[in-house]
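Novice: Before I ask anything, let me first share the structure, which is written out below as structure tokens.
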Ligand SMILES: Cc1ncc(COP(=O)(O)O)c(C=O)c1O
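In the numbering used here, the protein residues as written are -2 to 383.
This is the structure we're talking about:
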């Protein structure tokens, strides 16, 4: 980047540029939609099973059960393990609502845990303290499961979390809604936990053109249960209900679109890394750039800066005046939300969560951000810290 004043790009900067991707694969998408219209199997059509097969190969997982959203994926995973009243499920407070919502919706108790100040993911010390607190102070609750979130596309410390979970008799559900395509010690985040779930919301790294999600597991019995749950608990015969379920299916049209997107996903992951590296190279001396653990790779669902000493919402306003769109995830931690403020919180008061909610800001990110656009964004931010 040169020292001269950067030109504002002629087109409005997109926070997530879905249009460039669509332009690239539009003929393939049109063809695959046409194919579904021709065969007419709109629900549980062949594309759903083909996508599940391809996702199993991609994640190196034995079973993939697609479903209607990332939220349904979490719900179905908890339902399959019969999570309900009297069970404590440990979740970060610094995450999207769905992670805790599904626990509370099933009548179980979310227990809010702090995150690590560098990775923004579940903090192992805080998790251990929260488990001890529940054992000591909440005799009516059984510590049951933990849901680490791979926030912004960065893997949580899955080995460490598994060790703590095993020691305390918990099972692990990885909320990989933001991390499909990321790796932890060389392995897909979707291969972690007893089950991992993801979201195909359009803005996600692997996004559909509507809602969608999937559950990944190596457990045959759980996979069978999940398949029943997604169709009203249907057994081998359609008039038999073996358990309580949902209308949790992924539409055939979305599956067809996702197959085309998966075709270019590996290349897009590399492009995302290039965009992230460029931001990091030019902003590392200006603000706190994202930290990725050794041996891990983020899929950069978000490229998120930390800006101690400045308020994120104030910076967002200034950047908006320069027509640089940003997002603040998440300005109000879950444990402070009216819907969740009655649930237990880890003993230390979630210090990192509180700080991050005022200090993080996410920059425009997609595989298709042009270098000139990045230069303009970088200059806009640099000026605020001079
Ligand atoms: C961490 C996390 N969990 C769960 C979800 C829920 O996914 P969906 O919107 O597909 O229901 C999201 C979506 O934003 C998410 O970011």
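Here a beta-carbon is modelled for each residue, glycine too, at the ideal position from N, C-alpha and C.
Can you give me the C-alpha to C-alpha distance between residue 285 and residue 360, rounded to a whole angstrom?
Specialist: What you label residue 285 is simply residue 288 of the chain shown in a count that begins at 1. What you label residue 360 is simply residue 363 of the chain shown in a count that begins at 1. Taking the Cα positions, residue 285 is about 13 Å away from residue 360.
Novice: From residue 107 to residue 341, what distance separates their C-alpha atoms?
Specialist: As a working note, residue 107 is residue 110 in the chain shown. As a working note, residue 341 is residue 344 in the chain shown. Using only the alpha carbons, I get a separation of about 7 Å.
Novice: Here's the rule I'm using: 16 or more other beta-carbon atoms within 10 Å means buried, otherwise exposed. How should residue 383 be labelled?
Specialist: For the purposes of this step, residue 383 is identified with residue 386 of the chain shown, where counting begins at 1. Its Cβ having fewer than 16 others within 10 Å, residue 383 is exposed.
Novice: Pick helix, strand or coil for residue 184, following the three-state DSSP scheme.
Specialist: The residue labelled residue 184 in the question sits at position 187 within the chain shown. Correct three-state label for residue 184: strand.
Novice: Taking 8 Å as the line, does the beta carbon of residue 153 fall inside it for any heavy atom of ligand 1?
Specialist: By one-based count along the chain shown, residue 153 stands at place 156. Because no heavy atom of ligand 1 lies under 8 Å away, the Cβ of residue 153 does not count as near it: no.
Novice: At what residues does the beta strand (DSSP E) containing residue 84 begin and finish?
Specialist: One-based indexing of the chain shown puts residue 84 at position 87. In this chain, the beta strand (DSSP E) harbouring residue 84 covers 84 to 89.
Novice: Where do the ends of the beta strand (DSSP E) carrying residue 55 lie?
Specialist: What you label residue 55 is simply residue 58 of the chain shown in a count that begins at 1. No beta strand (DSSP E) contains residue 55, which is instead part of the alpha helix (DSSP H) from 43 to 56.
Novice: Check whether the Cβ atoms of residue 17 and residue 363 lie closer than 9 Å to each other.
Specialist: Mapped onto the chain shown, residue 17 falls at position 20. Mapped onto the chain shown, residue 363 falls at position 366. Pairing residue 17 with residue 363 gives a Cβ-Cβ distance under 9 Å.
Novice: Looking at the structure shown, is residue 7 part of a helix, part of a strand, or coil, going by DSSP?
Specialist: Working through the chain shown from its first residue, we reach residue 7 at position 10. Residue 7 carries a coil assignment under DSSP once its states are collapsed to helix, strand and coil.
Novice: From the DSSP output, in three-state form, read off residue 210 for me.
Specialist: Your numbering for residue 210 matches position 213 in the chain shown. Residue 210: strand per DSSP, three-state reduction.
Novice: Between residue 179 and residue 150, is the Cβ-Cβ spacing less than 9 Å?
Specialist: The residue labelled residue 179 in the question sits at position 182 within the chain shown. The residue labelled residue 150 in the question sits at position 153 within the chain shown. Cβ atoms of residue 179 and residue 150: closer than 9 Å.
Novice: Quick one: what does DSSP say residue -1 is sitting in, helix, strand or coil?
Specialist: Taking the chain shown and counting its residues from 1, the one referred to as residue -1 is at position 2. Model confidence at residue -1 stands at a pLDDT of 44, short of 50, so the residue's coordinates are unreliable; what they give is reported in the following sentence. Coil, per DSSP.
Novice: In the structure shown, what three-state DSSP assignment does residue 235 receive?
Specialist: In the chain shown, counting from the first residue as 1, residue 235 sits at position 238. Note: residue 235 maps to coil in three-state DSSP.
Novice: Work out the CA separation of residue 226 and residue 294 for me, nearest whole Å.
Specialist: Taking the first residue of the chain shown as 1, we reach residue 294 at position 297. Taking the first residue of the chain shown as 1, we reach residue 226 at position 229. Straight-line Cα distance between these residues: approximately 33 Å.
Novice: With residue 373 as the anchor, note down where its alpha helix (DSSP H) starts and where it stops.
Specialist: Position 376 of the chain shown holds residue 373. Unbroken alpha helix (DSSP H) run through residue 373: 368 to 381.
Novice: Measuring CA to CA, which of 356, 250, 222 and 248 is closest to residue 238?
Specialist: For the purposes of this step, residue 238 is taken as residue 241 along the chain shown, with counting starting at 1. Comparing Cα-Cα distances from residue 238 to each of 356, 250, 222 and 248, the minimum goes to 222.
Novice: Using 9 Å as the threshold, is the C-beta distance between residue 325 and residue 349 below it?
Specialist: Taking the chain shown and counting its residues from 1, one reaches residue 325 at position 328. Taking the chain shown and counting its residues from 1, one reaches residue 349 at position 352. In this structure, residue 349 does not lie closer than 9 Å to residue 325 by Cβ.
Novice: Once the 5 residues before and after residue 216 are set aside, which same chain residues still bring their CB inside 7 Å of it?
Specialist: Position 219 of the chain shown, counted from the start, is the residue given in the question as residue 216. Scanning its chain for C-beta atoms nearer than 7 Å, with the 5 sequence neighbours on each side dropped, one finds around residue 216 the residues 191, in chain order.
Novice: Using DSSP bridges, identify the partner residues of residue 285.
Specialist: For the purposes of this step, residue 285 is taken as the residue at position 288 of the chain shown. For residue 285, which the question treats as bridged, DSSP gives the partners 303.
Novice: Would residue 74 and residue 212 qualify as a contact pair, given that the criterion is a beta-carbon distance under 9 Å?
Specialist: In the chain shown, counting from the first residue as 1, residue 74 sits at position 77. In the chain shown, counting from the first residue as 1, residue 212 sits at position 215. A contact, by the Cβ cut-off of 9 Å.
Novice: Which same chain residues, not among the five before or five after residue 13, have their C-beta less than 6 Å away from its C-beta?
Specialist: Translated into positions along the chain shown, residue 13 becomes position 16. Only 200 and 363 meet the Cβ criterion.
Novice: Which residues in the same chain have their Cβ closer than 6 Å to the Cβ of residue 9, if we skip the five residues on either side of it in sequence?
Specialist: Working through the chain shown from its first residue, we reach residue 9 at position 12. Excluding sequence neighbours, residue 9 sits near nothing in its chain.
Novice: Since residue 357 sits in a beta bridge, which residues does DSSP pair it with?
Specialist: One-based indexing of the chain shown puts residue 357 at position 360. Within the DSSP bridge table, the entry for residue 357 names 303 as partners.
Novice: So that I know if they touch, is there some Cβ in chain B lying closer than 9 Å to that of residue 208?
Specialist: Note that chain B does not occur in the displayed structure, where there is just one protein chain.
Novice: Where does residue 102 land, buried or exposed, given buried means 16+ other C-beta within 10 angstroms?
Specialist: On the chain shown, residue 102 is found 105 positions in, with the first residue counted as 1. Exposed, by the Cβ-count rule.
Novice: Would you check if the segment 162 to 175 and the segment 128 to 147 touch, i.e. whether three or more CB-CB distances between them fall below 8 Å?
Specialist: yes
Novice: Who are the near neighbours of residue 59 in its chain, counting only those whose CB is closer than 6 Å to its CB and skipping five residues on each side?
Specialist: To locate residue 59, count along the chain shown from 1; it is residue 62. Sequence-distant Cβ neighbours of residue 59 in its own chain, meaning closer than 6 Å and more than five residues away, are 215.
Novice: Does the beta carbon of residue 146 fall short of 8 Å from some heavy atom of ligand 1?
Specialist: Against the chain shown, residue 146 aligns to sequence position 149. Yes; taking the cut-off as 8 Å, the Cβ of residue 146 has a heavy atom of ligand 1 nearer than that.
Novice: Assign residue 113 to buried or exposed, taking buried as 16 or more other Cβ atoms, counted over all protein chains shown, within 10 Å of its Cβ.
Specialist: Taking the chain shown and counting its residues from 1, one reaches residue 113 at position 116. Classification of residue 113: buried, given that the 10 Å Cβ count is 16 or more.
Novice: Residue 76 lies in the alpha helix (DSSP H); which residues open and close that run?
Specialist: Residue mapping note: residue 76 aligns to position 79 of the chain shown, counting from 1. Here the alpha helix (DSSP H) through residue 76 covers 67 to 77.
Novice: If you run the structure through DSSP and keep just helix, strand and coil, what is residue 243?
Specialist: Taking the chain shown and counting its residues from 1, one reaches residue 243 at position 246. Coil, per DSSP.
Novice: Can you tell me whether DSSP reads residue 24 as helix, strand or coil?
Specialist: As a first step, residue 24 is located in the chain shown; it is residue number 27 there, counting from the start. Here residue 24 sits in helix by DSSP.
Novice: How many angstroms separate the CA atom of residue 91 from the CA atom of residue 35?
Specialist: Residue numbering aside, residue 91 sits at position 94 when the chain shown is read from its first letter. Residue numbering aside, residue 35 sits at position 38 when the chain shown is read from its first letter. Approximately 45 Å between the Cα atoms of the pair.
Novice: Out of 235, 246, 61 and 321, which has the shortest C-alpha to C-alpha gap to residue 42?
Specialist: Along the chain shown, read from residue 1 onward, the residue named residue 42 stands at position 45. The candidate whose alpha carbon is nearest that of residue 42 is 246.
Novice: Please report the distance separating the alpha-carbon of residue 66 from that of residue 255.
Specialist: Stepping through the chain shown from its first residue, residue 66 is reached at position 69. Stepping through the chain shown from its first residue, residue 255 is reached at position 258. Each residue's Cα considered, the two are about 13 Å apart.
Novice: Whole-angstrom Cβ separation of residue 266 and residue 296, contact assumed at under 8 Å?
Specialist: Numbered from 1 along the chain shown, position 269 holds the residue referred to as residue 266. Numbered from 1 along the chain shown, position 299 holds the residue referred to as residue 296. Right, their Cβ atoms sit about 6 Å apart.
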